[in-house]
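*Asks:*
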Amino acid sequence: MAAEEGQRERGAACSPPDRDFHRFYSKLFTIRASDDENFKTEINLVFDQLISENYLDGSSISREHVCSLLVQACRLVQLNQEHLVSKMCQLIHHLLNRLQVTVDEQSLDHLLSYCIRALQQCNSWTHVEILQAVAALVYGNGPRCQKFLPDLLGKKGILLQLSAPTQPDVDLRRAAVYCMANLCLGIPGQPYLEEQYKTVSLQTFLVVMRNPKSPEVDDVTVCKLLQNALKGIHSILNAGRINLTQTDQLGTLLAVLKTYMFYGFPGVNIEVPAVLYPAPLPQYEGSSPTKEPTGGATNSSKQHKKKKSRSKNKKEQSEDQHEDWRETAQPEPLHGVESGGQREGDSTFSLLQEPKNYSDKTVSSLDGKDSSHSFCPSWKKINSSDSEYSDTEGGIQSKLRSLQAKVRQGALACFLSTIKSIEKKVLYGYWSSFIADAPGIGSPQAVSLMTIALKDPSPKVRAGALQVLSAILEGSKQFLSVAEDTNDHRRAFTPFSATLASSIRELHRCLLIALVAESSPQTLTQIIKCLANLVTNVPYNRLKPGLLTRVWNQIKPYNRRKDVNVRVCSLTLLGAIISVQAPLPEVQLLLQQPSSTGHSNSGSGTPHRLSDSESWRKPQPSGNRDGEKENWESPQFELGWLIQLCISIVTLPKQEPYSDSDTNTGAANSLYEPSPVRVEALQVLALLVKGYFTMAQISLLELGEVACRCMEEPDPSIQLHGARLLEEIGSGIVQQHKLDSPTPLSQRVPVSQVVTFWSRMLNGPLPGALQNDEHPTLQTSTCDAVSSILPEAFNSLPNEKQILCITMLLGLNHSEHPLVKAAAVRALGVYILFPSLRQDVMFVADTANAILTSLDDKSLNVRTKAAWSLGNLTDTLIANMESMGLGFQEEFSDVLLLKMLKSATHASNDKDKVKSNAVRALGNLLHFLQPHHISKPQFKPRIEESIQALIRTVQSEATMKVRWNACYALGNMFKNPAIPLDSAPWAAEAFSALTSVVKTCKNFKVRIKSATALSIPSSRERYGGSKQFGEIWCALVLALEKSEETEDFLEFKYCASLRTQICKTLLHLLHLVTAEDLSCISKTLSEKGDLIRAFVQRFLTSGVEADETATQTGPQDRIRMLQKAFQHADSLQGVPVDEKQLVVKYLDEILKHCAESTDTQGGLKDTQE
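Letter 1017 of the sequence shown, counting from 1, is numbered 1016 in numbering that gives the first Met the number 0, and no numbers are missing.
#1: Nearest CA to the CA of Lys454: which residue from Ile512, Asn532 and Leu136?
#2: The beta strand (DSSP E) spanning Pro272 covers which residue range?
#3: State the DSSP-derived secondary structure class of Ile60, mapped to helix, strand or coil.
#4: Would Ala680 pass as a contact of Ile648 if the rule is Cβ separation under 8 Å?
#5: Would you kindly check if the distance between the Cβ of Ala1010 and the Cβ of Thr1064 is under 8 Å?
#6: To test your reading of the DSSP string, which unbroken alpha helix (DSSP H) runs of 4 or more residues are found completely within the region 76–147?
#7: By how many angstroms is the C-alpha of Glu104 removed from the C-alpha of Phe38?
#8: Report all residues from its chain with a CB closer than 6 Å to the CB of Leu572; omit the five preceding and five following residues, and keep chain order.
#9: Terminal residues of the continuous alpha helix (DSSP H) containing Lys960?
#10: Only counting the same chain, and skipping five residues up and downstream in sequence, which positions put a Cβ closer than 6 Å to that of Ser614?
#11: Alpha carbon to alpha carbon, what distance is there between Met972 and Lys912?
#12: Please state the DSSP three-state secondary structure of Leu182.
#13: Assuming Leu969 and Ala1012 are in contact, meaning their beta carbons sit under 8 Å apart, how far apart are those beta carbons, in whole angstroms?
#14: Ile235 by DSSP, collapsed to three states: which one?
#15: From Ala482 to Ala278, what does the alpha carbon distance come to, in whole angstroms?
#16: What residue from Met807, Pro743 and Ser745 has the CA that sits closest to Asn771's CA?
#17: What residue range does the alpha helix (DSSP H) around Phe492 cover?
#18: So what's Lys864 in DSSP terms, helix, strand or just coil?
#19: Quick check on Ala1154: buried or exposed, where buried means 16 or more other Cβ atoms within 10 Å of its Cβ?
#20: Does DSSP put Ile788 in a helix, a strand or coil?
#21: Applying the criterion that 16 or more other CB atoms from any shown protein chain within 10 Å of the CB defines a buried residue, is Glu505 buried or exposed?
#22: Can you tell me the Cα-Cα spacing of Asp19 and Asp47, whole angstroms?
#23: With DSSP as the reference, label Pro652 as helix, strand or coil.
#24: Leaving out the 5 sequence neighbours to the left and right, which residues in its chain are closer than 8 Å to Ile1149 when beta-carbon positions are compared?
#25: By Cβ distance, which residues of its chain are closer than 7 Å to His92, with the 5 residues on each side in sequence left out?
#26: CA-CA distance, Thr522 and Ala462?
#27: Between Pro741, Leu684, Ser502 and Ile577, which lies nearest to Leu542 when the distance is taken from Cα to Cα?
#28: Please list the terminal residues of the continuous alpha helix (DSSP H) segment that includes Gly574.
#29: So, is the C-beta of Gln1060 closer than 8 Å to a C-beta in chain C?
#30: Let me check understanding here. Comparing Cα to Cα, which of Ser1042, Lys800 and Pro142 lies closest to Val102?
#31: Is Trp124 buried or exposed, if buried means 16 or more other CB atoms sit within 10 Å of its CB?
#32: Within 10 Å of its beta-carbon, does Lys1151 have 16 or more other beta-carbons around it, so buried, or fewer, so exposed?
#33: To the nearest angstrom, how far is the alpha carbon of Val996 from that of Leu687?
#34: Among Gln1060, Val563 and Val137, whose alpha-carbon lies nearest the alpha-carbon of Pro520?
#35: Check this for me: beta carbons of Cys966 and Lys1008, under 8 Å apart or not?
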């Protein structure tokens, strides 16, 4: 009681509703339970007062007091006092909803058990209020309701009984479904319903969706029932991956969702099969004929609408006009989109919910307001108030249209959650059920997601359909990759690839029509996003050109819209076009076309001229370049248009102070465009440079100036994307100057221009960005940019600039931020390969110390980059050894070399990402060692540890890339004559590891590399004794025999390369064979001679082929290898005659066969000539 007195004192300072709550709270605890009329009157009055209060959002009423009050009320009211039970349940519902309170577990147990007993004992007239109370109690409390689930959702559960189709009271059924939906709501981090209850709930919701109404039930009530069921389905799908493994389960759900995506849709009444099945062609869908209103009725309806709209505010009137324009401006090809045939005998459930006196030409302004940018259903605990609608017939119809739109929106939200809950490969089996493959010209077209996107009167529903379509298209590249246009129209059937190509074309057509017809900026944003997703995943190189041209021409005017989101999305779409399968011939033509075709010739239906309010900013020239006006019509200026558009967005001030939606981006007072628009323009420029560098290089210096200006700005996002643009420019130059570049020398950027470009960058913002410790992401991108300097240009930079770059990178290698440190050590790994730097022993030593420091970092990303750089560093050591000789080796520090050997050995035990380059570095270091290194005591244990590490890696179950590098490293070590391969105790283990891999490894590239390593020792002594030599020989023969055995068909393309390398290694061994080895070889030839002969003859006569060492050996080179082996075997002394004759005769027969084959081929060639 003392606590209650304190509560009363605190309540004195509260708002009036809060004070009244505390007053009645205290009064309730003074009442004693009774069955007389005075008690009933008194407690009924308290309940009425508590229910009538309008509690504010910022209420000071605590959860503990609400729970305590409700529990006390339950204690006072007996179950036989049904009027008070009903009133108390109203109180529970009112307080929990108005105060947004979730009851604690102890109170939940008491209140929920009370409500369940009330449902079991009280008359049915109280059940609706009781269920509303249960719904409020279980909302957000699902994990705490486990003990009550058998009573609620068990086989004879109350909710299952009350929500059954046999339930005559639809309000009671709706309340039960609402309660079940709240129970299914998942709480992040909390356990969800058990599978059995989740399954039975989903089944109940689906039954409700398939049997929503009886003839006497009004449409508004049915809509609310459907909304509750959809809310439950949505909650179950969002709670995690649901078990929809059986086709019927998923098919039933998709059929229901497809049905209700068109609920109340004007002019469309479809009959969807009860179950959708995965199929390459669409299932049949019937369509019930609908009566079209007569012309007079339609006109009358429109006139009535216009008269009524006079009383609306300007915003509503404008939105209604936009919707009316949208409906009347539908393009002609869509005339058949809502029609279909009738088929008898199918197991279907139909949707015939057309409201009376509804004209599909009128649109409720309610749906045009507050369109959310992202499609998200507004599931609410509290049902919508009916007070916003008038009681007139027009108000009821407006309310009904709004509710039907919410049902369609809910179905689309559930479909979106379904897409996220199942695997994409399963989803694409239903592609044809939701995406049409041909326009409905001359015949009915099945309704699809595009039907909604084009014709639904609600912009929220249209946006929802587009978001679902985007989710389907996202990640569909592999599925769509089979699409291909065919010119053969005489086939007896249409291949799936052609059907898919037709579907892709139809998607392009419909989305472009929607783009023209849409008036809502939010929905327009979704259309453009959907187009970008489509463009990203379509294999345009397999389709007839023209699709991208239409998209390109129609999206260009939208870059001048006032809405920021529309402008950002249109730039994203342009970026998708120039990045898809770049370089694409069609896009190259688009970039080369004269600018006149880009602004006016934009295809039918394209808005040729935007209003003055929308053309508020036009692209301006970025400078006073001479002759620019004369070049305006040149074939290259279309590229200039795209670059100048992006440059003007990034660098030029706005024409007007602000645009309509700038207030949402914080740019209302900014001189320049909003940051999202500028960032997207920079990304388009980067994609253009990456995909079409040879075309973008004409504006190289202008692009460099843009990057400079961006990196000098205060906005971190603009700085970052300026640095990334700079990196793409540098990478494009480097790729263009590679030895294998297809770009002719005359068309490459001159090195002098590259030097000028980087001099401007290094004199500008680059040093400051590298030193900006407050923005580590910018430092990271700037490091990447600095690493993309062309090596030839770096050598021509002023000496102080070279020193600046090196000093900065060495300093950033000690950064505390792992991203910066990783980028710096990677840049050093690039610089160590520069010809002008790699011969500088001091630079090599400084870089080595920096790399070794990063190799011990706690960040895996840093260690991965450091290992890659260490591999490059050791490549440099080998290149210097071969070009500079002993001078460099003697000058390089032994201490540092030993440290590198130790660090690389340690890194070979790290994760696979680090290990692959660590073993590569070990191979180079073992190759680099000289006799004086090997003889030193401190080197011997390190050398043996490193070799054992390589052997373990070859034999391990690591990734194939790691094992390939380990085999390469062993072969690299074999090249060092100072390594005692003939006498070392580990030599047998090394050869054994390689022979095991060449026989059994599943990956043929690893087998090839192990066979290559076995061919590297240049003298017979380095292969060890006769026994070891024989084991190597037999292993190679067995590998040759099994060279066509594989479980992975992808390995077959390497079969020929594997046989080639094994044959080369066998001939190499024959060239080194001794008298002691001949017995093993002769035995093998006698047992498997025919098999070996077939493979060797094929090897000798086959065409030129590049092996794994990137060297090419023709037939003549191979025959010379065999001749050397023959001559060596014939010259052997002290050998049993029969063994020698067998080997010599065998090789001689192969030589004769090759000579005959050569003569035959030569004769055939002479005959043909």
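Note that beta-carbon positions come from the ideal geometry of N, C-alpha and C, so glycine has one too.
*Replies:* With the structure as the only source:
#1: Ile512
#2: Ile269 to Pro272
#3: coil
#4: yes
#5: yes
#6: 81–97, 104–120 and 126–137
#7: 30 Å
#8: Ile527, Leu530, Ala531 and Ile554
#9: Met959 to Phe973
#10: In this prediction, Ser614 has a pLDDT of 37, which is less than 50 and means its spatial position is unreliable; what the coordinates show is noted afterwards. The answer, listed in chain order, is Arg559.
#11: 22 Å
#12: helix
#13: 5 Å
#14: helix
#15: 16 Å
#16: Met807
#17: Where Phe492 is concerned, there is no enclosing alpha helix (DSSP H), given that its DSSP letter is neither H nor E.
#18: helix
#19: exposed
#20: coil
#21: buried
#22: 12 Å
#23: coil
#24: Arg1092, Val1095, Gln1096, Leu1099 and Leu1121
#25: Gln131, Ala132 and Ala135
#26: 5 Å
#27: Ser502
#28: Val563 to Ser578
#29: Going by chain labels, chain C is absent from the structure shown, which holds only one protein chain.
#30: Pro142
#31: exposed
#32: exposed
#33: 45 Å
#34: Val563
#35: yes
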